[in-house]
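Q:
Number of protein chains: 2
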Amino acid sequence: MSQDLPVTSYALLGLLTFGDDLTGYELKQRADRTLRYYWVAPAMSQVYSELDRLSERGLVRARDAGPNKRSTKYRITPKGRRALTRWMTDEPVGFPVLKHPVVLRLLIGHVVAPEVTRRMLREHLAALAEHRAGLAGVRDSLQGRDEPGDAFRYPSLVADWGLEYLDGERAILEKLLARLDEES
Amino acid sequence: MSQDLPVTSYALLGLLTFGDDLTGYELKQRADRTLRYYWVAPAMSQVYSELDRLSERGLVRARDAGPNKRSTKYRITPKGRRALTRWMTDEPVGFPVLKHPVVLRLLIGHVVAPEVTRRMLREHLAALAEHRAGLAGVRDSLQGRDEPGDAFRYPSLVADWGLEYLDGERAILEKLLARLDEES
DNA sequence: ACAGCCATGTAACTCGTTACATGATTAC
DNA sequence: GTAATCATGTAACGAGTTACATGGCTGT
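Line by line, the protein sequences give chains A and B. Final position of the first sequence in this note's numbering is 184; the numbers increase by one with none missing. Final position of the second sequence in this note's numbering is 368; the numbers increase by one with none missing.
1) So, helix, strand or coil for residue 281 (chain B), using DSSP?
2) Report the three-state DSSP secondary structure of residue 172 (chain A) (helix, strand or coil).
3) Where residue 181 (chain A) and residue 118 (chain A) are concerned, what is the direct C-alpha to C-alpha distance, given to the nearest angstrom?
4) Against chain A, which members of the segment 280 to 305 of chain B pass a CB distance test of less than 7 Å?
5) In whole angstroms, give me the CA-to-CA distance for residue 220 (chain B) and residue 106 (chain A).
6) Taking 6 Å as the limit between beta carbons, can you name the residues of its chain near residue 185 (chain B), skipping five residues before and five after?
7) Which partner residues does residue 256 (chain B) have in the DSSP bridge list?
8) Could you tell me which of A:100, A:152, A:135 sits nearest to residue 121 (chain A), measuring between CA atoms?
9) By how many angstroms is the C-alpha of residue 188 (chain B) removed from the C-alpha of residue 18 (chain A)?
10) In this structure, does DSSP put residue 185 (chain B) in helix, strand or coil?
11) Please name the residue or residues paired with residue 12 (chain A) in a DSSP beta bridge.
12) In whole angstroms, give me the CA-to-CA distance for residue 274 (chain B) and residue 116 (chain A).
13) Output yes if chain A places a C-beta closer than 8 Å to the C-beta of residue 185 (chain B); else output no.
14) What does DSSP give as the partner residues of residue 206 (chain B) in its beta bridges?
15) With a 10 Å radius around its C-beta and 16 neighbouring C-beta atoms as the bar for buried, classify residue 194 (chain B) as buried or exposed.
16) If you draw a straight line from the alpha carbon of residue 225 (chain B) to that of residue 314 (chain B), how long is it in whole angstroms?
17) Distance check for residue 295 (chain B) and residue 82 (chain A), CA to CA, integer angstroms please.
18) If you measure between the beta carbons of residue 47 (chain A) and residue 13 (chain A), is that distance less than 8 Å?
19) Sort B:321, B:351, B:342, B:286 by Cα distance to residue 38 (chain A) and report the nearest one.
20) Taking just the CA atoms, how far does residue 150 (chain A) sit from residue 356 (chain B)?
21) Quick check on residue 96 (chain A): buried or exposed, where buried means 16 or more other Cβ atoms within 10 Å of its Cβ?
22) Which residues, taken in chain order from the segment 125 to 144 of chain A, show a beta carbon closer than 9 Å to some beta carbon of chain B?
23) Look at the alpha carbon of residue 6 (chain A) and the alpha carbon of residue 332 (chain B), and state the distance between them as a whole number of angstroms.
24) Got a sec, what are the start and stop residues for the alpha helix (DSSP H) residue 218 (chain B) sits in?
25) Residue 332 (chain B) versus chain A: which residues are under 7 Å apart at the beta carbon?
26) Anything in chain A within Cβ reach of residue 222 (chain B), meaning under 7 Å, just list it in chain order.
27) Cβ closer than 7 Å: which chain B residues qualify as neighbours of residue 34 (chain A)?
28) Let's see if you can read the secondary structure: which residues bound the alpha helix (DSSP H) around residue 324 (chain B)?
29) Please report how far the alpha carbon of residue 146 (chain A) lies from the alpha carbon of residue 139 (chain A), in whole angstroms.
30) Which chain A residues sit within Cβ distance under 7 Å of residue 339 (chain B)?
31) Could you work out which residues of chain A lie near residue 265 (chain B), taking near to mean beta carbons separated by less than 8 Å?
32) Assuming residue 206 (chain B) contacts residue 217 (chain B) under a Cβ cut-off of 8 Å, what Cβ separation, rounded to an integer in Å, is found between them?
33) Return no unless some Cβ of chain A is closer than 8 Å to the Cβ of residue 273 (chain B).
34) What residues from chain B crowd round residue 27 (chain A), counting only those whose CB sits closer than 8 Å?
35) Leaving out five residues on either side along the sequence, give the residues of the same chain with a beta carbon under 8 Å from the beta carbon of residue 27 (chain A).
36) Please check if any C-beta of chain B sits within less than 8 Å of the C-beta of residue 74 (chain A).
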């Protein structure tokens, strides 16, 4: 009965387990505040097509609330909850995949002047700070609902993980940049 | 004249700037020792199709060396080198994308028993150690050719980056696991 | 009235993967 | 001789993206 779905499907399904029903649009917004930092930010069109697929398989159900069939809210079904639990419990979790264009360019730094590489690193550090600020905002919004047993316990753990992760990346790259600077 | 190529094309092209000509097979091996840790490990079939595309555009040239047209070695052309330098210098570098299934499952940890999540983290830490050992082997093989000006200076910097990155990830996850353990 | 956001979808396309097919060379 | 590895490709497919199209709702 194990219907093989891509991980992103389960990810979106998982976002519907926080006690509320969401429209496709709202689901996309939630993904942008969560999944984005350690999975992907799916395109709007993909959110809708994933919802269609999940509907077909009975893992979510559409309950239109709006006047004229718009604002269709989706709710996870008991079957969907079982499928999600089974996936979490039985399917082997894959190894993380990192696509890091900055490090990729560092690898072939010998084809450009050293200053080009240093500039790239400085700019990346700025982008990193901005990215971190976004996540810090998310983390703050979870304050007070993050104790063991609370609804947003796990999202809070994940946000904390992300902040530490980004701080680690910054520290490593600052050290690397300093090393490049002193050797010119 | 800027022919838009996917990043992976430039990555493979970049692997041909280390002074030697490679067959598709050898290029795949080099990718597995380098790109794999911070970009992707392209499938064999993709390596061949990328080489075809790079050939068509004159960025690499095939020089068959083997007796009967096998063991075709590829060399980057001057035009290829220019295209690569232009890409490094002018194209904006994107932000890293992380696909981290372990953290994704942590986010929705509330749908399974806490022990399932803890077990996942323990297993991931083991996989992480194995992954790190592979990279440490690569790093060791570059010893002695990693000074400023040496051929493998930048690959060594990148390998060092990777080891620190993995150590950071391990530290964060160990702390997280301890936190989950004590709260049970 | 108009701008901006909410909301949903279709079509075309690219990247990248897996499965398959083939055969040569090397080591035991 | 036979297994492992070297070496090269084709075909089918799936995930995910961008571009496009449409229209309702809300605030000013």
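For every residue, glycine included, the Cβ atom is placed at its ideal position computed from N, Cα and C.
A: With the given structure in hand:
1) strand
2) helix
3) 8 Å
4) 280, 281, 282, 283, 284, 285, 286, 287, 288, 289, 290, 291, 292, 293, 294, 295, 296, 300, 304
5) 14 Å
6) Residue placement at residue 185 (chain B) is flagged as unreliable, the pLDDT there being 45, under the threshold of 50; the coordinate-derived value follows with that caveat. Here the set comprises nothing.
7) In the DSSP output, where bridge partners are listed per residue, residue 256 (chain B) has B:248.
8) A:100
9) 42 Å
10) Note that residue 185 (chain B) has pLDDT 45, beneath the 50 cutoff, so the model's placement of it is unreliable and the number below is only indicative. Coil at residue 185 (chain B), not helix or strand.
11) Note: residue 12 (chain A) sits in no beta bridge, so no partner.
12) Computed Cα separation, rounded: 10 Å.
13) Note that residue 185 (chain B) has pLDDT 45, beneath the 50 cutoff, so the model's placement of it is unreliable and the number below is only indicative. By this cut-off, residue 185 (chain B) is not an interface position.
14) The bridge partners DSSP lists for residue 206 (chain B) are B:258.
15) buried
16) Near 17 Å, if we compare the C-alpha coordinates of residue 314 (chain B) and residue 225 (chain B).
17) If you take the alpha carbons of residue 82 (chain A) and residue 295 (chain B), they lie about 9 Å apart.
18) no
19) Cα-wise, what sits closest to residue 38 (chain A) is B:286.
20) Residue 356 (chain B) and residue 150 (chain A): Cα-Cα distance of roughly 22 Å.
21) buried
22) Answer set for the segment 125 to 144 of chain A: 127, 128, 131.
23) 44 Å
24) First-last for residue 218 (chain B): undefined, no H or E at that position.
25) 183
26) 98, 100, 103, 104
27) 291
28) 298 to 325
29) 10 Å
30) 107
31) 111
32) About 12 Å separates the two Cβ atoms, so there is no contact after all.
33) yes
34) Per Cβ cutoff of 8 Å: no residues; residue 27 (chain A) is ~14 Å from chain B at best.
35) 12, 15, 16, 47, 51, 74
36) no
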